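Undergrad: Take this structure first; my questions come after.
Here you go:
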């Protein structure tokens, strides 16, 4: 029993020693990782410091190219390289914005001034960036935005009288612009109303013309009806009674080329129609023809017929 107890204690001691060794190993690994991370952070920090120094040198180079050499192209390239080395270089962005502003490139100037104002931690730099940003808005006649930019500049430097003057001027121009816009809107509304009135007038004239045309058409129809009624009144009373007899076939006098009675012009009172005159003449001709035929027939009957040839 005693031996068994001793062996158990020995086993516990060995297990504890193994656990301590594992903990020490893990601690060593953690320390090594911390050392490596610190070394990497130190290396990264040195790289960032080096990039910041290069960015600052490029900014000075751009300033020299711009002021001494008056070379806008080289200055722009230097400022761009400075920003690529250190995106937080608000001075390079501000100076690049000034270069664009002086060359009347307001879109690029606006972008660089805005970046400088947002990135800078220095109130003086922020004041200058927003002041010049207000100038860009004034150039573009965006007076409401200019007012807000000058206000932001004064928040960073309330003592700048030039910014105060520009703010007052921006407010004045904004008021003029609003009045002009209102006048333009009123004039546009007035022109729209005139156009609408003219359209209504033209529509009314078209409607009146259509109504007049309808009245004229109705008058023409009424006049035709009156003329038809007058013709019916002027017809003889017996015309309607003779009409059925004319439509019946006449065995004696009617010719094959004679037209139906309803297509003939009705005769006037106490006056023969052209068709009646034609019928009378044809009847006379037929009668004369019959008389001639009878005379010829009698002559033929009285003349002797020769049966033999004369020698």
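Numbering (the working numbering), first residue to last: 0 to 310. Beta carbons are placed, not taken as given, at the ideal position from N, Cα and C, and that holds for glycine. What you are looking at is a predicted structure, and each value in this text was computed from that prediction instead of being measured.
1. Less than 8 Å between C-beta atoms, sequence neighbours within five positions excluded: which residues of the same chain meet that for residue 162?
2. My output table needs one value for residue 317: the three-state DSSP class, helix, strand or coil.
3. So, at 6 Å on beta carbons, what are the nonlocal neighbours of residue 90 in its own chain, with the 5 sequence-adjacent residues on each side left out?
4. Could one say the Cβ of residue 291 lies closer than 7 Å to chain C's Cβ atoms, at least one of them?
5. Which residue comes first and which comes last in the alpha helix (DSSP H) that contains residue 315?
6. Do three or more CB pairs link the segment 161-178 to the segment 135-150 at distances below 8 Å?
7. Which residues bound the alpha helix (DSSP H) around residue 73?
8. Using a threshold of 6 Å, is the CB atom of residue 218 nearer than that to any non-hydrogen atom of the ligand GTP?
9. How many angstroms separate the CA atom of residue 145 from the CA atom of residue 204?
10. Give me the Cα-Cα distance between residue 207 and residue 186, rounded to the nearest whole angstrom.
11. Where do the ends of the alpha helix (DSSP H) carrying residue 118 lie?
12. Mind checking residue 200: buried by the 16 CB within 10 Å criterion, or exposed?
13. Tell me which residue opens and which closes the alpha helix (DSSP H) that residue 89 is part of.
14. Let me confirm a value: residue 94 is counted as buried when at least 16 other C-beta atoms fall within 10 Å, else exposed. Which label applies?
15. Under 7 Å between the Cβ atoms of residue 85 and residue 119?
16. According to the Cβ coordinates, are residue 61 and residue 78 closer than 7 Å?
17. What number of angstroms, rounded off, separates the C-alpha of residue 73 from the C-alpha of residue 65?
18. Do residue 116 and residue 128 have their beta-carbon atoms positioned less than 7 Å apart in this structure?
19. Cutting at 6 Å between CB atoms, please list the residues of its own chain near residue 142, excluding the five before and the five after it.
TA: Result, derived from the coordinates:
1. The residue labelled residue 162 in the question sits at position 163 within the chain shown. Excluding residues within five positions, the ones whose Cβ falls inside 8 Å are 126, 130, 133, 149, 152, 153 and 156.
2. Residue 317 lies beyond the residue range present for the chain, which begins at 0 and ends at 310; the question has no answer from this structure.
3. Here residue 90 refers to the residue found at position 91 when the chain shown is read from its first residue. For residue 90, where only same-chain residues beyond five positions count, the Cβ hits under 6 Å are 58.
4. Here chain C cannot be found, since the structure has a single protein chain.
5. With the chain represented from 0 up to 310, any question about residue 315 goes unanswered, as that position is not in the structure.
6. The way I'd put it, the segment 161-178 does touch the segment 135-150; three or more beta-carbon pairs between them come closer than 8 Å.
7. If you number the chain shown from 1, residue 73 lands on position 74. Annotation: the continuous alpha helix (DSSP H) that includes residue 73 extends over 71-84.
8. The ligand GTP is not among the ligands present in this structure, which contains no ligands whatsoever.
9. Stepping through the chain shown from its first residue, residue 145 is reached at position 146. Stepping through the chain shown from its first residue, residue 204 is reached at position 205. If you take the alpha carbons of residue 145 and residue 204, they lie about 53 Å apart.
10. If you number the chain shown from 1, residue 207 lands on position 208. If you number the chain shown from 1, residue 186 lands on position 187. So the two alpha carbons sit approximately 31 Å from each other.
11. Along the chain shown, one-based indexing puts residue 118 at 119. 105-118 is the extent of the alpha helix (DSSP H) around residue 118.
12. As a working mapping, residue 200 is identified with position 201 in the chain shown. So residue 200 ends up on the exposed side.
13. Your numbering for residue 89 matches position 90 in the chain shown. Note, residue 89: alpha helix (DSSP H), 89-101.
14. Sequence index remark: in the chain shown, residue 94 carries index 95 (1-based). Its Cβ being crowded by 16 or more others within 10 Å, residue 94 is buried.
15. On the chain shown, position 86 is the one that residue 85 refers to. On the chain shown, position 120 is the one that residue 119 refers to. Residue 85 is not a Cβ neighbour of residue 119, given a cutoff of 7 Å.
16. For the purposes of this step, residue 61 is taken as residue 62 along the chain shown, with counting starting at 1. For the purposes of this step, residue 78 is taken as residue 79 along the chain shown, with counting starting at 1. Cβ distance < 7 Å, so residue 61 and residue 78 count as in contact.
17. Sequence index remark: in the chain shown, residue 73 carries index 74 (1-based). Sequence index remark: in the chain shown, residue 65 carries index 66 (1-based). About 8 Å.
18. Residue numbering aside, residue 128 sits at position 129 when the chain shown is read from its first letter. Residue numbering aside, residue 116 sits at position 117 when the chain shown is read from its first letter. Contact: yes.
19. Looking up residue 142 in the chain shown gives position 143. Taking C-beta separations shorter than 6 Å and ignoring five residues to either side along the sequence, the partners of residue 142 in its chain run 169, 172, 173 and 176, following chain order.
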